[in-house]
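Below is one structure, written out as structure tokens, with a few remarks after it.
There are 2 protein chains.
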Amino acid sequence: LKRRTVGIFGVGAIGGSIALRARRGGATVIGFDRDAAALAQARRLGAIDAVTEAEEASRDVDILFTAAHLEPTLKEIERLQIAPGTRANLIVDVASVKLPVVRAAARLRNFVATHPIAGTEQSGAGAARADLFEDRPWVYVRSGDEELDERARGFIESMGAVPLEMAADEHDRAVALTSHLPQVVASCYATILRAADDDAKRLAGPVARELLRIAGMSFDMWRDILRANAANIEPHLRCLAAELQTAAAALARDDVESLASLFTR
Amino acid sequence: LKRRTVGIFGVGAIGGSIALRARRGGATVIGFDRDAAALAQARRLGAIDAVTEAEEASRDVDILFTAAHLEPTLKEIERLQIAPGTRANLIVDVASVKLPVVRAAARLRNFVATHPIAGTEQSGAGAARADLFEDRPWVYVRSGDEELDERARGFIESMGAVPLEMAADEHDRAVALTSHLPQVVASCYATILRAADDDAKRLAGPVARELLRIAGMSFDMWRDILRANAANIEPHLRCLAAELQTAAAALARDDVESLASLFTR
């Protein structure tokens, strides 16, 4: 990344972490965020070198990142397609659902759809960490241009992450199970726990607290994800509900032994 | 705890943590475990001063702890009722369900039913830590003898924990929600995830990994808990299943907005 210029659109927890890591690798980082306070914070935290306008952030950079939520990412892709004006030879997004992104970016040159699998339940540049992606998988969707894909893999590796090639629909089915289902479960569980009395809440053990922590995430982010990936999430929700009903029935008929298989490591 | 002798029946993660903390406070700790390897390990780790027979561990002690799973705890309580032979002026258990314990110990002198709310998904003395209970709630069920309860509170505080008085049935309803429901959810979720392909598993984020970690707990321990508290757990399972079905239906009709209330902090 030495002597490269990286433009980052959206300097929250993910964008900020990319910025910190890129700077550590010797890059100059230009940041933009619709939220002026977020932008100022990223500057204060030393995540970005220069603060600029959206157009400028995309024009004079070698690598361009759109690190916003899904809907702003789709809008930014559209803007770049209408008014390219960037010399970047690698444009990357990090949204949590890939099929809508790949479809939206069909005519965008040098674009690779990606998704770093790194947990940040906190949002904002304050939650950014240069080592957020260290040894974590970072999914990318093959662009069809092997040279471009190689640049994307190189960038992912420069972030400390492990490139993992997946098809967009395959990725969306997988995260429905590994990320979106747990999020809805946590949110439903938190809703039930909130209705309980205070003494019950004081007894929350590590699992309950982890579920509550996740349930506190922003609906602004999750609205887009749930809508975009509804078709993949819905069957998993029904499947888990059926498993819980089966377990409830086993408890009701004092047949705890039939639950043993659930506890297989 | 200075110059007191504490007997601990069951030197796993919880019993071992009590032992470490009691020794740090100046007590002499005598340990017993049906599992000879566990006993040897606790000795090796310095959690206990003396290793002994069950009868001996209960005879010459000031405070007696049964820190085993639910069924062995009930058996030990029965043994102590039949053949008291202990000079302990405080006998305490730490099982996860309290109503069966309180009922079994109805005629046991100096007994207080308790439950430390401290997470140890790992088992065995190797997982013991002197600070496991630090600032965590530790439930006790009033015995009816105020002086005895005061001794129990004193011991709980000497463990670094915060005494929390609850009725046995109230406790069992609360942990059904805060501990037992999450455990079954985690186990059902893990069952679904295990059936997925390997790439999906690699995408497991922090929530999924936390659920998998919990799901790996021993059925030997959970069998007793689920059976003893089935009546309290079953309605919560049905309630959560219904919430998941409602969420699934909302996704199916593209009504993500109706899920906003699930994300209230």
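Heads up: the protein sequence lines correspond to chains A and B, in order.
In this text, residue positions in the first sequence follow this note's numbering: the first is 1, and each later residue adds one.
In this text, residue positions in the second sequence follow this note's numbering: the first is 266, and each later residue adds one.
All C-beta atoms in this analysis are idealised placements derived from N, C-alpha and C, irrespective of residue type, glycine included.
Please tell me whether, using a cut-off of 8 Å, the distance from the CB of B/Ser361 to the nearest non-hydrogen atom of the ligand ATP is below it.
With respect to the ligand ATP, the structure shown offers nothing to examine, as it has no ligands at all.
The beta strand (DSSP E) spanning B/Ala378 covers which residue range?
Here the beta strand (DSSP E) through B/Ala378 covers 376–381.
Spatial neighbours of A/Ala42 in its chain, beta-carbon cut-off 6 Å, leaving aside the 5 residues before and after
Here the set comprises Val11, Gly16, Gly31, Ile48, Ala125.
Going straight from the alpha carbon of A/Leu212 to that of A/Ala186, what length do you get?
C-alpha separation (whole angstroms): 7 Å.
As a quick exercise: from A/Val61, A/Arg103, A/Glu56, pick the residue whose alpha carbon is nearest that of A/Thr73.
The closest CA to that of A/Thr73, considering only A/Val61, A/Arg103, A/Glu56, is found on A/Arg103.
What number of angstroms, rounded off, separates the C-alpha of B/Met482 from the C-alpha of A/Thr52?
Distance between the alpha carbons of B/Met482 and A/Thr52 is about 51 Å.
Among all the DSSP beta bridges, which residues are the ones paired with A/Trp138?
Answer is A/Pro116, A/Pro163.
Cutoff 9 Å: B/Tyr454 Cβ touching any chain D Cβ
Absent from the structure: chain D. Protein chains present are A and B.
Going by DSSP in three states, B/Val326 sits in which element: helix, strand or coil?
In the structure shown, B/Val326 sits in coil (DSSP, three-state: anything other than H, G, I, E or B).
Within the same chain, show all residues whose beta-carbon is closer than 6 Å to that of A/Leu45, passing over the 5 residues directly before and after it, in chain order.
Non-local C-beta neighbours of A/Leu45 in its own chain, meaning closer than 6 Å and more than five positions away in sequence, comprise Ala125, ordered along the chain.
When the Cβ atoms of the stretch 228–245 of chain A are set against those of the stretch 414–432 of chain B, are three or more pairs found closer than 8 Å?
They do not touch, by the three-pair rule.
Would the stretch 93–103 of chain A count as touching the stretch 165–175 of chain A if we require 3 or more Cβ pairs under 8 Å?
Result yes; three or more Cβ-Cβ pairs closer than 8 Å.
Determine whether the beta carbon atoms of B/Arg289 and B/Ala383 lie at a separation below 9 Å.
At the C-beta level, B/Arg289 and B/Ala383 stay beyond 9 Å of one another.
Contacts of B/Ala360 in chain A (Cβ-Cβ under 7 Å)
Under the 7 Å cutoff, chain A gives no residues; its nearest Cβ is about 14 Å from B/Ala360.
Exposure label - A/Ser261; buried when at least 16 CB within 10 Å:
When all chains shown are included, A/Ser261 counts as exposed.
With distances taken between CB atoms, is the gap from A/Ala68 to A/Glu76 smaller than 9 Å?
Yes, the pair counts as a contact, with Cβ atoms nearer than the cut-off.
Who are B/Phe484's beta bridge partners in DSSP?
DSSP, once it has assigned bridges, lists no residue as partnering B/Phe484.
With respect to the beta strand (DSSP E) encompassing A/Leu90, which residues constitute its N-terminal and C-terminal limits?
Note, A/Leu90: beta strand (DSSP E), 90–93.
By a C-beta neighbour count over all protein chains shown, 10 Å radius and 16 as the cutoff for buried, is B/Arg539 buried or exposed?
The requested residue 539 of chain B is not part of the displayed model; chain B covers only 266 to 530.
From B/Ala302 to A/Phe111, what distance separates their C-alpha atoms?
The alpha-carbon atoms of B/Ala302 and A/Phe111 are separated by roughly 59 Å.
Applying a beta-carbon distance threshold of less than 8 Å, which residues of chain A neighbour B/Asp464?
Near B/Asp464 (Cβ distances below 8 Å), the residues of chain A are Leu164, Met166, Glu170, Ala174.
Helix, strand or coil for A/Gly31? Go by DSSP, reduced to three states.
Reduced to three states, the DSSP call for A/Gly31 is strand.
Considering A/Gly16, what are the terminal residues of the beta strand (DSSP E) in which it resides?
No beta strand (DSSP E) holds A/Gly16; the alpha helix (DSSP H) holding it covers 13–24.
So what does DSSP say about A/Ala190, is it helix, strand or coil?
Three-state DSSP puts A/Ala190 in a helix.
Which residues in chain A sit within 8 Å of B/Pro402, going by Cβ to Cβ distance?
Close partners of B/Pro402 in chain A (Cβ separation under 8 Å): Arg202, Leu203.
List the residues of chain B that A/Ala66 touches, going by C-beta distances under 8 Å, in chain order.
Here residue 66 of chain A turns out to be Thr, not Ala, going by the sequence shown. Those within 8 Å of A/Thr66 in chain B number zero; the least Cβ separation is about 21 Å.
Excluding five sequence neighbours on each side, which residues of the same chain lie with their C-beta closer than 8 Å to the C-beta of A/Pro182?
Around A/Pro182: Ile214.
Residues bridged to A/Phe9 by DSSP?
Note: A/Phe9 sits in a beta bridge opposite A/Phe32, A/Thr66.
I need the straight-line Cα distance from A/Arg209 to A/Phe263, nearest angstrom please.
One C-alpha to the other measures close to 21 Å.
Measuring only between beta-carbons, confirm whether A/Leu226 sits less than 9 Å from chain B.
Closer than 9 Å to some Cβ of chain B, the Cβ of A/Leu226 qualifies, so yes.
Could you give the DSSP three-state label for A/Ala42: helix, strand or coil?
A/Ala42 falls in the helix class under three-state DSSP.
Check whether the Cβ of A/Ser143 lies closer than 9 Å to any Cβ atom in chain B.
No, because no Cβ of chain B sits closer than 9 Å to the Cβ of A/Ser143.
Anything in chain A within Cβ reach of B/Phe398, meaning under 9 Å, just list it in chain order.
The contacting residues do not exist; B/Phe398 stays about 13 Å from chain A at best.
Return the first residue and the last residue of the alpha helix (DSSP H) that B/Lys466 is part of.
Element bounds for B/Lys466: 463–467.
Please compile the residues from chain B whose C-beta is within a distance smaller than 8 Å of the C-beta of A/Pro182.
Within chain B, the residues Tyr454, Gly470, Val472, Ala473, Leu476 have their CB atoms less than 8 Å from the CB of A/Pro182, given in chain order.
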